[in-house]
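J.: Numbering (our numbering), first residue to last: 2 to 135. C-beta: ideal position from N, C-alpha, C; glycine also.
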């Protein structure tokens, strides 16, 4: 994956997150399950994009889960521990829903999933900017 692809991935993720943020700002409710799925998909694309453009680490298959992708980032570069809890939060939301325990989710989980994904996007984008990749 080339660096222009990384910029496109970041821009596409920004647009997806912005669309969710706009719906929240307009007072539209977001379905929790679908929002968590979109959030995880965006987060995975961001991490895979960075892995492909900025490292010599192999980019895992599409089926790789979010925490597996994060572990690849952090291996040999502990500075990626910064986003560990954000990745874990998105996985926790999906696990709660899959276990039939929406009561274990925080208040406004869809909003939290969107905000968490925005944080991941901003962290990865700023890192790319600092590294001169954008």
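Given a threshold of 16 other Cβ atoms within 10 Å of its Cβ, counted over all protein chains shown, does residue 83 qualify as buried or as exposed?
T.: Classification for residue 83: exposed.
J.: Please return the same chain residues whose Cβ sits closer than 6 Å to the Cβ of residue 21, not counting the five positions on each side in sequence.
T.: Excluding positions up to five away in sequence, the list reads 115.
J.: Let me check understanding here. Comparing Cα to Cα, which of 57, 24 and 13 lies closest to residue 43?
T.: Out of 57, 24 and 13, 13 has the C-alpha closest to the C-alpha of residue 43.
J.: Just the C-alpha distance for residue 34 and residue 111, rounded to the nearest angstrom, thanks.
T.: So the two alpha carbons sit approximately 8 Å from each other.
J.: For residue 129, which residues from the same chain have a beta carbon less than 6 Å from its beta carbon, with the 5 sequence-adjacent residues on both sides left out?
T.: Here the set comprises 135.
J.: Rounding to the nearest angstrom, what Cα-Cα distance links residue 3 and residue 124 in this structure?
T.: Bear in mind that a pLDDT of 42 at residue 3, under 50, signals an unreliable position, so the number given afterwards is only what the model happens to contain. Their Cα atoms are separated by approximately 20 Å.
J.: Let me make sure I understand the geometry here. Which of 121, 94, 24 and 63 has the alpha-carbon closest to that of residue 108?
T.: It is 94 whose Cα lies nearest to the Cα of residue 108.
J.: Taking DSSP as the reference, what is the three-state secondary structure of residue 65?
T.: Here residue 65 sits in coil by DSSP.
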